[in-house]
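Protein chains: 2
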Amino acid sequence: MLRSCATRLRTLGAPPAKQPGAVWRLFSSEKVIHKDYGLPNPSWSKDLRLLFDQFMKKCEDGSWKRLPSYRQNPVQTFKEFQTRFVDPGSVTKEEQMSKAQQFSRSLEEGLGFEYVMFYNKGEKRMVCLFQGGLHLQGVPGFVHGGAIATMIDITTGMCALAEGVAMTANLNIDYKKPIPLCSVVVVNSKLSKTEGRKLFISCDIQSIDEKTLYTSATALFIKLDPDKRLT
Amino acid sequence: MLRSCATRLRTLGAPPAKQPGAVWRLFSSEKVIHKDYGLPNPSWSKDLRLLFDQFMKKCEDGSWKRLPSYRQNPVQTFKEFQTRFVDPGSVTKEEQMSKAQQFSRSLEEGLGFEYVMFYNKGEKRMVCLFQGGLHLQGVPGFVHGGAIATMIDITTGMCALAEGVAMTANLNIDYKKPIPLCSVVVVNSKLSKTEGRKLFISCDIQSIDEKTLYTSATALFIKLDPDKRLT
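Here the protein sequences come in this chain order: P and B. Numbering-wise, my numbering comes out as the position in the first sequence, counting from 1, plus 7. Numbering-wise, my numbering comes out as the position in the second sequence, counting from 1, plus 7.
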């Protein structure tokens with residue numbers, strides 16, 4: 008929830024997609040190089056690498072764009088978000104926030120969420136290529152329903168982001184088939200309707216060959232009013 | 008999803024609630040002591056400890072029971088689950104599975120999901136006391152919507168478990184207010200209706216003082232038929 012907002016703010020300080028990392032100043036005396044996690048690493052399976060290459064090809068004509076992904080928000084993003092949407096009394100300490108990490112990137116490489124997202128502006132579609140590691144287990148051998156919900160929340164959130172800063176109001180998820188651990192699946196989301204500040208986004212998770220529908224979901228996002236406080 | 012099933016199978020090998028850990032044989036030559044994560048650790052805030060103590064008191068007359076919680080399933084649980092519900096062709100290797108971890112316990116102590124669950128059999132209620140760490144961040148300062156969905160999935164799943172081995176068919180989540188990182192909230196779930204193999208469970212997340220409703224949700228679980236394969 009609210010991820011799209013954070014992501015949008017985060018992208019203010021983000022590098023172009025082709026740049027492997029970004030340098031942000033956390034404190035006046037400290038520089039931190041932020042790794043872009045939306046790029047292949049040794050834990051990626053052959054399937055994930057092949058899909059990644061296919062989508063990178065689609066990016067060449069500009070119809071699709073790969074989204075960079077970071078573990079931490081730059082402090083200016085944190086400050087801007089807190090200033091715009093959070094009451095001063097409930098602002099988290101900057102020092103503490105510097106230790107915070109984006110949930111979907113907080114697990115060790117290969118053991119948690121391995122994914123990369125691509126956006127098609129013309130079609131208002133966000134596609135996420137996802138490989139669920141061994142630390143995402145629900146029941147033996149399968150990805151946890153909460154981890155699946157996380158991927159749906161992230162992918163639909165990024166799809167909403169293209170329309171403006173928004174927050175998740177509802178996620179409705181149908182679990183149809185369990186997703187085997189360490190397999191690669193495709194999360195497809197699309198803006199289906201807008202009504203004023205409401206954004207309706209559909210999402211499904213399929214096998215690479217599109218023969219298996221694992222999950223289908225709908226998400227409702229509400230565009231944020233900068234004058235409206237969250238806390 | 009399917010967590011309740013795994014949990015039930017896991018509890019086959021689980022120790023009584025008061026025992027701090029369990030010893031399981033992973034391989035013929037290897038013994039592993041499994042820590043019970045449903046007990047206080049140094050990362051627990053004063054609020055979480057106070058609530059824990061209150062519920063432990065409620066356990067004294069037997070109306071409530073604390074649930075133990077582990078990071079890994081014993082291999083017999085894995086084998087039993089795979090044998091009962093998974094086609095032989097798609098069984099994950101035992102050696103690989105020994106490295107798998109329960110998603111909600113896979114993050115470092117204090118940085119991820121800190122929680123303990125209590126069950127009231129008479130009321131068919133499962134309560135989860137939850138403190139979301141700094142690595143569960145969605146937007147700056149708040150718990151990720153996927154992490155919230157995970158807690159709802161786990162709590163309703165454990166509530167369903169009391170009725171039998173079941174899998175999540177649907178989660179419908181309304182995000183009403185963002186949950187601040189490092190705060191303690193109470194996840195309340197209750198079996199509201201059963202229709203044949205369908206279990207309808209309601210769930211909400213509130214502040215300790217019950218003045219703030221952060222999230223409300225419904226979950227549908229389907230009791231599993233041992234003859235029906237998942238893959």
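By construction, the Cβ of each residue, glycine as well, lies at the ideal position given by its N, Cα and C atoms.
What's the gap between the Cα of residue i and the Cα of residue j?
{"i": "His-151 of chain P", "j": "Phe-110 of chain B", "result": "6 Å"}
{"i": "Ile-155 of chain P", "j": "Lys-183 of chain P", "result": "12 Å"}
{"i": "Phe-120 of chain B", "j": "Phe-207 of chain B", "result": "25 Å"}
{"i": "Arg-56 of chain B", "j": "Lys-72 of chain P", "result": "47 Å"}
{"i": "Val-30 of chain B", "j": "Leu-141 of chain P", "result": "At Val-30 of chain B, the pLDDT of 47 sits below 50, so the modelled position is not reliable and the matter cannot be decided from this model."}
{"i": "Lys-64 of chain P", "j": "Trp-51 of chain P", "result": "18 Å"}
{"i": "Tyr-221 of chain P", "j": "Ile-161 of chain B", "result": "19 Å"}
{"i": "Asp-46 of chain P", "j": "Met-104 of chain P", "result": "For the sequence presented, residue 46 of chain P should be read as Leu rather than Asp. Those two C-alpha atoms are separated by around 25 Å."}
{"i": "Leu-5 of chain P", "j": "Tyr-77 of chain P", "result": "Only positions 8 to 238 of chain P appear in the structure, and residue 5 of chain P is not among them; the question remains open."}
{"i": "Gln-89 of chain P", "j": "Pro-147 of chain B", "result": "7 Å"}
{"i": "Phe-149 of chain P", "j": "Tyr-44 of chain P", "result": "23 Å"}
{"i": "Ser-223 of chain P", "j": "Glu-67 of chain B", "result": "43 Å"}
{"i": "Met-124 of chain P", "j": "Phe-59 of chain P", "result": "9 Å"}
{"i": "Ser-209 of chain B", "j": "Met-133 of chain B", "result": "10 Å"}
{"i": "Asp-181 of chain B", "j": "Thr-225 of chain P", "result": "12 Å"}
{"i": "Glu-116 of chain P", "j": "Pro-49 of chain P", "result": "9 Å"}
{"i": "Ile-159 of chain B", "j": "Leu-227 of chain P", "result": "18 Å"}
{"i": "Ser-190 of chain B", "j": "Arg-236 of chain B", "result": "41 Å"}
{"i": "Cys-166 of chain B", "j": "Phe-92 of chain B", "result": "21 Å"}
{"i": "Gly-145 of chain P", "j": "Glu-87 of chain B", "result": "15 Å"}
{"i": "Gly-164 of chain P", "j": "Gly-69 of chain B", "result": "44 Å"}
{"i": "Lys-106 of chain P", "j": "Lys-42 of chain B", "result": "26 Å"}
{"i": "Ser-113 of chain B", "j": "Gln-108 of chain P", "result": "15 Å"}
{"i": "Glu-170 of chain P", "j": "Leu-74 of chain B", "result": "44 Å"}
{"i": "Ile-186 of chain P", "j": "Ser-199 of chain P", "result": "25 Å"}
{"i": "Tyr-126 of chain P", "j": "Lys-128 of chain B", "result": "48 Å"}
Please list the terminal residues of the continuous alpha helix (DSSP H) segment that includes residue i.
{"i": "Phe-110 of chain P", "result": "Counting along the chain, Phe-110 of chain P falls outside any alpha helix (DSSP H), and DSSP gives it neither H nor E."}
{"i": "Gly-139 of chain B", "result": "That residue, Gly-139 of chain B, is in no alpha helix (DSSP H); its beta strand (DSSP E) goes 132–139."}
With respect to the beta strand (DSSP E) encompassing residue i, which residues constitute its N-terminal and C-terminal limits?
{"i": "Cys-66 of chain P", "result": "Here Cys-66 of chain P belongs to no beta strand (DSSP E); instead the alpha helix (DSSP H) covers 53–66."}
{"i": "Leu-74 of chain P", "result": "71–74"}
{"i": "Val-123 of chain P", "result": "120–127"}
Which residues does DSSP list as the beta-bridge partners of residue i?
{"i": "Gln-79 of chain B", "result": "Gln-79 of chain B pairs with nothing; no bridge assigned."}
{"i": "Gln-144 of chain B", "result": "P:Gln-109 and B:Val-150"}
{"i": "Lys-235 of chain B", "result": "None, per the DSSP bridge assignment."}
Could you check whether the Cβ of residue i sits closer than 8 Å to any Cβ belonging to chain A?
{"i": "Asp-160 of chain B", "result": "No chain A is present in this structure, whose protein chains are P and B."}
Segments assigned beta strand (DSSP E), at least 3 residues, entirely inside the stretch 150–228 of chain B: 173–182, 191–202 and 205–214
Stretch-stretch touch, CB-based, cutoff 8 Å, three pairs: the stretch 123–139 of chain P with the stretch 172–192 of chain B: no
Meets three-Cβ-pair contact criterion under 8 Å: the stretch 201–218 of chain P and the stretch 190–204 of chain B: no
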